[in-house]
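If you read the sequence shown in my numbering, its first letter stands for residue 4, the second for the next number, and so on.
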Amino acid sequence: MPNYSDPDFGNIIITVNPRARRVIMRPVVDGLRVTVPPYATSGDIKGAIDKFRPQLINKRNEVLNRHQTTDEEIRELRKQAKTFLPRRVAELAYMFGFEYKDLKIQSSKTRWGSCSGTNSINLSLYLMRVPEHLIDYVILHELCHTVHHDHSEAFWHLMDEVTNGQAKALRHELRKYNTA
Ligand SMILES: [Zn+2]
Numbered sequence: 004m005p006n007y008s009d010p011d012f013g014n015i016i017i018t019v020n021p022r023a024r025r026v027i028m029r030p031v032v033d034g035l036r037v038t039v040p041p042y043a044t045s046g047d048i049k050g051a052i053d054k055f056r057p058q059l060i061n062k063r064n065e066v067l068n069r070h071q072t073t074d075e076e077i078r079e080l081r082k083q084a085k086t087f088l089p090r091r092v093a094e095l096a097y098m099f100g101f102e103y104k105d106l107k108i109q110s111s112k113t114r115w116g117s118c119s120g121t122n123s124i125n126l127s128l129y130l131m132r133v134p135e136h137l138i139d140y141v142i143l144h145e146l147c148h149t150v151h152h153d154h155s156e157a158f159w160h161l162m163d164e165v166t167n168g169q170a171k172a173l174r175h176e177l178r179k180y181n182t183a
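Structure representation (structure tokens):
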């Protein structure tokens, strides 16, 4: 079965090994490596990943937090970010009726994103390593700043409106991830 993309891990890289007795999963910096027996179906693989998903997410965070990003990896992340982020920002802005001036992709290691007083949004290319629902959280956070340029109660109220009341929970979840 071909490699595929998972919302939490990004790339699922599959290797078939005739000697494998079961599905073996190993989190790596750019996704999840999965070694499978020849007879494993895509359902077997997805089932195994789902069963251990929370543990695998924690493991991958450890891998990412220990990892020193190379220049080549930064180039690759930038490429991915330039393909993915502008489209997703436009989609979410359209969906919730936000207006922003422009979007820049930066290699910031200290923040996931920011929004200027003139509603220019900056996003870190390291976002490409966090689960998609947390990328959306960061994008929505910056889009809400186009309306409230602070972290006032009104800001968090708007955040809750666009995240189904999950704003604080998502913020908490994002804290498990480091930018670099
Ligand atoms: Zn903010």
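Where is the CB? At the ideal position from N, CA and C, for every residue including glycine.
In this structure, Lys112 lies away from Asn125, with their beta-carbon atoms at least 8 Å apart. The beta carbon of Ile138 lies closer than 6 Å to those of Leu130 in the same chain, with the five residues before and after it left out. Within a 10 Å sphere around the beta-carbon of Ala157 sit fewer than 16 other beta-carbons, which makes this residue exposed. Proximity of the stretch 57-67 to the stretch 92-103 falls short of the contact definition, fewer than three beta-carbon pairs being nearer than 8 Å. Spatial neighbours of Gly116 in its own chain (CB-CB distance under 8 Å, excluding positions within 5 residues in sequence) are listed in chain order as Ile124, Asn125, Leu126, Ser127, Leu130, Val141, Ile142, His144 and Glu145. The C-alpha of Lys104 lies about 54 Å from the C-alpha of Pro21. Of the residues Asp33, Val19, Arg174 and Ile77, the one whose Cα lies closest to the Cα of His154 is Arg174.
Taking 7 Å as the cut-off, the C-beta of His175 does not count as close to any heavy atom of ligand 1.
In chain order, the residues positioned with their C-beta nearer than 6 Å to some heavy atom of ligand 1 are His144, His148 and His154. Beta-carbon to beta-carbon, Ile48 and Thr38 are separated by about 10 Å, too far to satisfy the 8 Å threshold. If you check the CB distance, Asp33 and Gly13 come in under 8 Å. By the 16-neighbour rule on beta-carbons within 10 angstroms, His160 is exposed.
For Val37, the enclosing beta strand (DSSP E) begins and ends at Gly34 to Val39.
Burial state of Thr166 is buried, judged by a 10 Å Cβ sphere holding 16 or more other Cβ atoms. Taking C-beta separations shorter than 6 Å and ignoring five residues to either side along the sequence, the partners of Leu80 in its chain run Leu128 and Met131, following chain order. Within the same chain, and ignoring the five residues on either side of Ala23 in sequence, the residues whose Cβ sits closer than 7 Å to its Cβ are Thr38, Val39 and Pro40.
Rounded to the nearest angstrom, the gap between the Cα atoms of Arg36 and Tyr42 is 17 Å.
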